[in-house]
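Heads up, the sequence shown is in this note's numbering, so the first residue is 56 and it goes up one at a time. Before any comments, here is the structure.
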Amino acid sequence: MSRLKPKIIRACTVPNSIGFVTGMIPELLEKFEVGVLASPGKYWEALDKYGNEVKRLKVAMERQISPWKDCISLWKLIRIFHKERPDIVHSMTPKAGLLCMIAAWLNRVPIRIHTFTGLVFPTSTGLKQKILIFTDRLTCACATHIVPEGEGVKNDLINYNITKKPLKVLGYGNVQGIDLNRFNPELPEVKAEAGKIRKEDVFTFVFIGRLVGDKGINELVSAFTRLNQKYPDTRLILVGRYESRLDPLQVETEEEIKNNQAIWASGETPDVRPWLLASDTLVFPSYREGFPNVVIEAGAMGLPSIVTDINGSREIIIEGENGTIIPSKNTQALEEAMERMIVDKHSTEFMASKARQMIAERFEQHYVRKCLKEYYEEILNSRKK
């Protein structure tokens, strides 16, 4: 018996990425039977409110290369797709993309979409880069539709000859969009929490993300340490967790974070809004990204940003309008940009005044979801012809 609605399975590698999917579930349920697939773990409770309306499909997947475990995961995915018979499998994140696209292709799932939210191979070298390029080519070969999260990701896929298939960026890019009602600097409860963090007459830089080398933390701490000696009324807040096993910081960086009274490593937080509102500038010197949500969130909270000239960041920040763009892995350029934020108060205030408006115009959540919904409808309608 045929289904009344087409079935879609949204897939990601680890469950903390489920948040990229959950916001759109009410709209998906209007048109689809919905399943969400990811590894076991916490964060699945985000689906509790949907009860049995959303099917939970849990398959353990390793983020790192793990041939034996990857084969086991692939076999489980093949069996799941054979049982579920979805009309669409839409994956994001690298490992889920590779394994789900292969499994969906083997099961002849009609529509196989993968969203590239970021590419690792452009900053890799040697054998690792060759392996990553091969796996991304295989992902694309098994997919019917490929969605780069932004123009930078799209250009890398083209320039590295990853695929010849059509590539479509939805809207201005970004896979989630931002809820401007939640990320509102005027909310009383957020103001109250920010008041506990803020230090009056101290210029505060904030970084939010994993405290790892690839995020530019070594350069950031080095630049700030020199800057703080020149401008003592400054501080740096680092919001996020260490991942010493995957990408450890330099020993001297960890020591500086531990011993410098002007640096506050606050750990992870479920709510970044007070930390942003208590700060003056976001600093995000990452080496690579797909489309960094924290830069969008900072703009929505009225912060200018210092970002590196990488995919995603350069598509959110317009030089001199809502922030500034510097070369990646350049400590001197980072220090100079941070100093300009302190010294040129007129420019900093101007960028802060424009930040929220620019985010609202391009990345408001309903607009981003509308673009994806229309994309699904376009694909389904094209198959009916």
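All C-beta atoms, glycine included, are put in the ideal place defined by N, C-alpha and C.
Of the candidates Arg369, Ile73, Glu117 and Phe136, the residue whose Cα lies closest to the Cα of Leu102 is Ile73. Taking 8 Å as the cut-off, the beta carbon of Leu154 is found closer than this to the beta carbon of Asp125. The secondary-structure analysis by DSSP pairs His169 across a beta bridge with Ser146 and Ile201.
Within its own chain, the residues whose Cβ lies closer than 8 Å to the Cβ of Val202, once the five positions on either side in sequence are excluded, are Ile168, His169, Thr170, Phe171, Leu222, Lys223, Val224, Leu225 and Tyr430, listed in chain order. Using a 10 angstroms sphere on the CB of Phe87, the tally of other CB atoms reaches 16 or more, which defines it as buried. Annotated as distal: Gly345 and Gly232, with beta-carbon spacing of 8 Å or more. For Ser360, the three-state secondary structure derived from DSSP is strand.
For Ser299, the number of other beta carbons within 10 angstroms of its own is below 16, and it is reported as exposed. Bounds of the beta strand (DSSP E) holding Glu88 are Glu88 to Ala93.
Using a 10 angstroms sphere on the CB of Asp211, the tally of other CB atoms reaches 16 or more, which defines it as buried. Taking the Cα of Glu323 as reference, the smallest distance to any Cα among Leu266, Ser368, Asn315 and Asn273 is reached at Leu266. Here Val327 is near Val294, since their CB atoms are less than 8 Å apart. Rounded to the nearest whole angstrom, the C-alpha separation of Met393 and Cys195 is 40 Å.
Each of Glu352, Pro382, Glu376 and Met356 was checked against the Cα of Val362, and the nearest Cα belongs to Pro382. Counting only residues of its own chain and dropping the five nearest sequence neighbours on each side, Arg281 has a CB closer than 7 Å to the CB of Glu390. Between Val144 and Ala66, the CB-CB gap stays under 8 Å. Taking C-beta separations shorter than 6 Å and ignoring five residues to either side along the sequence, the partners of Tyr286 in its chain run Ile397, following chain order.
Looking at the backbone, the Cα of Thr199 and that of Lys439 are separated by about 16 Å. Note that the C-beta distance between Val350 and Leu337 is below 8 Å. If you draw a straight line from the Cα of Phe75 to the Cα of Val230, it is about 7 Å long. If you ignore the 5 residues before and after Met356, its C-beta comes within less than 7 Å of the C-beta of Phe238, Pro240, Arg328, Leu331 and Leu332, all in its own chain and listed in chain order. Fully enclosed alpha helix (DSSP H) runs of no fewer than 4 residues occupy 272–285 of the stretch 255–294, in order along the chain. The Cβ-Cβ distance between Asp399 and Ser341 does not fall below 8 Å.
Using a Cβ distance threshold of 8 Å, Ile80 and Tyr105 count as a contacting pair. Here Pro70 is buried. Its C-beta has 16 or more other C-beta atoms within 10 Å. Counting along the chain, Lys220 sits inside no alpha helix (DSSP H), nor does DSSP assign it H or E at all. In the displayed model, Glu374 falls within a strand according to three-state DSSP. Just measuring C-alpha positions, the residue of Ser334, Ile133, Phe136 and Met116 sitting nearest Gly250 is Ser334. In the three-state DSSP reduction, Lys97 falls in the coil class, being neither helix nor strand.
In the DSSP assignment, Ser321 falls within the beta strand (DSSP E) that extends over Ile318 to Gly322. Excluding its 5 nearest sequence neighbours in each direction, Gln420 has C-beta neighbours in its own chain below 8 Å: Gly78, Gln231, Gly232, Ile233, Asp234 and Leu235, listed in chain order. Per the DSSP secondary-structure output, Val109 pairs in a beta bridge with Val89. Going by DSSP, Ile312 is part of the alpha helix (DSSP H) stretching over Val306 to Asn314. Excluding five sequence positions before and after His137, the CB atoms of its chain that fall closer than 7 Å to its own CB belong to Asn162, given in chain order. At the C-beta level, Ile312 and Phe279 stay beyond 8 Å of one another.
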